[in-house]
Amino acid sequence: MEYVVSTNDLTKTFGSFTAVNKLNIDIPKGKIYGFLGPNGSGKSTTIRMLCGILQPTSGNGQVLGYNLALEAEKIKPKIGYMSQKFSLYDDLSVFENLDFYAGLYSVPRHQRKARVQEMIDMAELNGREQELTANLSGGWKQRLALGCAIISRPEMLFLDEPTSGISPTSRKKFFNIIQQLANQGTTVFVTTHFMDEAERCNNIAFISEGTLIANDTPDNLKKNFIKGILAELELPNHMERLKDIEKLSSVKDCSVHGSLLHVLVDSKQQLQQLQDYTKAEVQVITPSLEDVFINLSKQKRNEAANE
Ligand SMILES: Nc1ncnc2c1ncn2[C@@H]1O[C@H](COP(=O)(O)OP(=O)(O)OP(=O)(O)O)[C@@H](O)[C@H]1O
Ligand SMILES: [Mg+2]
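In short: position in the sequence shown from 1, add 33, done, that's our numbering.
Structure follows, in structure tokens:
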């Protein structure tokens, strides 16, 4: 298979600190590739290397057939990139921002007007073309920033937490656009902390302390990472009860999900023991992606503690 992005032991160190450690990923065309991980795990650093902004310390990779270390300048004009702190010009209007980025990405002059209009339609900014960007609220701004990033119709799009700080409705709208772009053949690399968005990715890579610790479809992650029977229970003072339950020999794992506890056991007999012990109503559930990620983060922490 031909990949739009492919890396081979891609590594970035800052002094003696390793931010990205021997990363190997392959992304096929037209897929939405979700990149998840705790704060400071190396997501933005990875994106910066893939965009040709940051030189890898070792290892290598290709984006759209160009070598990351040797052909970074060829990659930059071919991709769309929305950085975590994306830069729109607040003192320009909606129209002026789009027109500016069209120029920056060398959209041919005779196509600019149509292309800007296309982005205004996409972002649902009709009637607000002359509005000052500073006056737009979160969701509109984010869609305008996306418009600026894709005005040159890049084949590959990098989005670094594009939906943080906007309303759930705006997030959904934003991801619908991402999905449409992917359906039209754009390959999308996106970092997010939201599980509903991760669920909509074709593939999820999970990175922790610079190391890739899981990489699969959302369905496979749910199937393969939680081994045992997962039960949900509602208890008064559930935060305090967590510690007692965790100590039970029959319990493999216990975590808090809002006002509920999720408990992992190995057998029906152990499930019964849990019920007898807590006297709560114990309900068997299918693992969600959140369960998978809580589990993965814990595994990593335990490994680090045992080192
Ligand atoms: N230029 C730099 N110099 C030194 N350390 C850096 C530099 N850039 C990033 N780091 C460190 O590398 C680690 C990874 O940072 P990175 O920004 O890639 O994480 P992230 O996964 O994007 O986090 P977040 O979810 O908070 O955005 C962090 O510990 C960060 O402090
Ligand atoms: Mg980041």
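From the three backbone atoms N, C-alpha and C, an ideal C-beta is built for every residue, glycine too. The structure presented is a predicted model; accordingly, all values stated were derived computationally and were not measured.
- Not a single heavy atom of ligand 2 lies less than 7 angstroms from the C-beta of residue 45.
- Scanning the segment 45 to 100 from its first residue to its last, the whole alpha helix (DSSP H) runs of 4-plus residues come out as 76 to 83.
- With 7 angstroms as the limit, the residues whose C-beta approaches any heavy atom of ligand 2 more closely are 76, 77, 117, 193, 194, 224, in sequence along the chain.
- By the 16-neighbour rule on beta-carbons within 10 angstroms, residue 130 is buried.
- As the crow flies, the alpha-carbon of residue 169 is around 47 angstroms from that of residue 262.
- Along the segment 191 to 238, the beta strand (DSSP E) occurs as fully enclosed runs of 3 or more residues at 220 to 224, listed in sequence order.
- Taking residue 117 as the centre and dropping the five residues before and after it, the same chain places the C-beta of 77, 193, 194 closer than 7 angstroms to its C-beta, in chain order.
- Of all alpha-carbon atoms in 338, 218, 72, 327, the one lying nearest the alpha-carbon of residue 188 is that of 218.
- Leaving aside the five residues that flank residue 55 on each side, the residues in its chain whose CB is nearer than 6 angstroms to its CB run, in chain order, 42, 44.
- Residue 113 sits away from residue 165, with the two beta carbons spaced by 8 angstroms or more.
- Looking at the DSSP output, residue 265 sits in a beta bridge with 295, 316.
- Its chain contains 178 as the residues whose beta carbon lies nearer than 6 angstroms to that of residue 119, once the 5 sequence neighbours on both sides are disregarded; these appear in chain order.
- Given a length threshold of 4 residues, each whole run of the alpha helix (DSSP H) inside the segment 114 to 163 is given here in chain order: 127 to 137, 142 to 155.
- If you draw a 10 Å sphere on the C-beta of residue 196, you find 16 or more other C-beta atoms in it, and that means buried.
- One Cα belongs to residue 232, the other to residue 254, and the distance between them is close to 11 angstroms.
- Scanning its chain for C-beta atoms nearer than 6 angstroms, with the 5 sequence neighbours on each side dropped, one finds around residue 274 the residues 268, in chain order.
- In the three-state scheme derived from DSSP, where H, G and I count as helix and E and B as strand, residue 288 is classed as strand.
- Pairing residue 265 with residue 304 gives a Cβ-Cβ distance that is not under 8 angstroms.
- Check the Cα spacing between residue 156 and each of 47, 172, 283: the tightest is with 172.
- By the C-beta density criterion, residue 201 is exposed, having fewer than 16 other C-beta atoms within 10 angstroms.
- If you look at residue 169, you'll find it isn't in any beta strand (DSSP E); DSSP assigns it neither H nor E.
- In the DSSP assignment, residue 335 is bridged to no other residue.
- Taken atom to atom, the span from the alpha-carbon of residue 221 to that of residue 277 is near 44 angstroms.
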